[in-house]
Amino acid sequence: MKNLRHLFLSYNHGEDDKPLHIGTLRNLQTLSGIWLSDWQQNDTRELTSLRKLKIKVDDTTMPEFSNSIAKLENLRSLYLEASHDSMIPSFGMSSLLHLSKLHMERSIGQLREFPPNLTQLTLEDTELDYDPMVILEKLPKLLTLRLRMWSYRGGEMQVSADGFPQLKILQLSDLYGPMKLLNIEKGGMSNLTQLQIFRSVLDIYGLGELLHLRRIDVIDISPHSHRWISSLPCSSEWQDIRRLCLIFISMSARRKKARIYGTYTANDSWGYMQQHKKIDFR
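Residue numbers 30 to 311, in my numbering, belong to the letters of the sequence shown in order.
Okay, here's the thing in structure tokens:
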């Protein structure tokens, strides 16, 4: 077992009350599905090869959690999840210089510092009541940002002129609550190529300034409910606009089929082209 490299658990491995011994697995690269309580029963300082960690937090906010995670200097991917009656404790992540992917699920309180080389960030069910863009837009190497179900409970999100300098993919999914407003100042998200809006209704301002935007996917929302569509510039105002594809898809209740409502393309102006293509995902 000392040469074990990948260990996948199911969060219920501790039901038999047998201790989980992982502290001696120096070659372990992937550890998925471990509870924080099991993690803290081990001396994790020897896990120097660990690259991917998926861990679930219970009702503890002990400083040992922060210290043990912060010492995983070779960690590339971190998935943090809290149980329904708990929250992810705040801890310093600036020492995780190699961390590129971070997924945080459940309440996290105040957003603070992030790893400096983060390229992919997913927030889900974090219940933020303040604009997360103020902090997230400062991540210099972020390429993909996913704001998923109940990640943000507020109404307005503001991107400044120099915000998200490297961001290429923005996903806004299941943003329930009040209607959301996304305002992108000129110069913000200057390298964005793909926008994904899943089961969310919002107003967007500033799309016309995104010269690299090539695709917008809107799923399970009527195309006529989005007023920002009419603000998209025509081809004479936006170079290579014909390469932009705006697709509306309605998913079935069982998520096995999708119907493409239509595709927006630019000639002299934006026009709605009816399509009724069924896609079977089974």
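All C-beta atoms, glycine included, are put in the ideal place defined by N, C-alpha and C.
Three CB pairs or more closer than 8 Å across the stretch 119-138 and the stretch 158-165:
No, the stretch 119-138 is not in contact with the stretch 158-165.
Go through its chain and collect everything with a Cβ distance to Leu201's Cβ below 6 Å, but skip five positions before and after it.
Indexing the sequence shown from 1 puts residue 201 at position 172. Leu176, Ile226, Ser229, listed in sequence order.
Proximity winner among Leu131, Ser119, Glu75, relative to Ser95 (alpha-carbon distances):
Here residue 95 refers to the residue found at position 66 when the sequence shown is read from its first residue. When only C-alpha atoms are compared, the closest one is Ser119.
Quick check on Glu110: buried or exposed, where buried means 16 or more other Cβ atoms within 10 Å of its Cβ?
Locating residue 110 in the sequence shown gives position 81, where the first residue counts as 1. Burial call: buried.
Report the start-end ranges of each beta strand (DSSP E) in the stretch 170-253 that is 3 residues or longer and not cut off at the edges.
173-176, 185-188, 198-202, 209-213, 223-227, 231-234, 244-248
According to the neighbour-count rule (16 or more other Cβ atoms, all chains shown, within 10 Å of its Cβ), is Thr155 buried or exposed?
The sequence position of residue 155 within the sequence shown is 126, counting from 1. Within a 10 Å sphere around the beta-carbon of Thr155 sit 16 or more other beta-carbons, which makes this residue buried.
Ordered along the chain, which non-local residues of its own chain (more than five positions away) have a Cβ less than 8 Å from that of Leu171?
On the sequence shown, position 142 is the one that residue 171 refers to. Counting only Cβ-Cβ distances below 8 Å, and skipping sequence neighbours, we find Leu147, Thr148, Gln149, Leu150, Leu165, Phe193, Gln195, Leu196.
Kindly identify the DSSP beta-bridge partner or partners of Ala111.
If you number the sequence shown from 1, residue 111 lands on position 82. In the DSSP assignment, Ala111 is bridged to Val86.
Thr77 and Arg55: beta carbons closer than 8 Å?
Within the sequence shown, the letter at position 48 stands for residue 77. Within the sequence shown, the letter at position 26 stands for residue 55. Against a cut-off of 8 Å, the Cβ pair of Arg55 and Thr77 comes out as a contact.
Please report the straight-line C-alpha distance between Thr53 and Glu75, rounded to a whole angstrom.
Counted from its first residue, the sequence shown places residue 53 at position 24. Counted from its first residue, the sequence shown places residue 75 at position 46. If I take the Cα positions, the gap works out to 6 Å.
When you compare only the Cα positions, how much space is there between Ser115 and Tyr40?
In the sequence shown, the residue the question calls residue 115 occupies position 86. In the sequence shown, the residue the question calls residue 40 occupies position 11. Approximately 16 Å, taken between the alpha carbons.
Note the first and the last residue of the continuous alpha helix (DSSP H) segment covering Leu140.
The residue you call residue 140 lines up with position 111 of the sequence shown. Run containing Leu140: none; DSSP gives neither H nor E here.
Assigned secondary structure, Thr151 (DSSP; H/G/I helix, E/B strand, else coil)
Translated into positions along the sequence shown, residue 151 becomes position 122. In this structure, Thr151 counts as strand in the three-state DSSP scheme.
Between Gly217 and Ser189, which are expected to be in contact by the criterion C-beta below 8 Å, what is the C-beta distance as a whole number of angstroms?
Stepping through the sequence shown from its first residue, residue 217 is reached at position 188. Stepping through the sequence shown from its first residue, residue 189 is reached at position 160. The Cβ separation is near 6 Å, so the contact holds.
Glu102 and Leu126 closer than 8 Å at C-beta:
Translated into the one-based positions of the sequence shown, residue 102 becomes position 73. Translated into the one-based positions of the sequence shown, residue 126 becomes position 97. Their beta carbons are under 8 Å apart, which means Glu102 touches Leu126 by this criterion.
If you follow the beta strand (DSSP E) that Ile117 is in, where does it begin and where does it stop?
Reading the sequence shown from its first residue, position 88 is the one you call residue 117. That residue, Ile117, is in no beta strand (DSSP E); it is neither H nor E in DSSP.
Under DSSP, the alpha helix (DSSP H) around Leu165 begins and ends at which residues?
In the sequence shown, residue 165 corresponds to position 136, counting from 1. Unbroken alpha helix (DSSP H) run through Leu165: 162-165.
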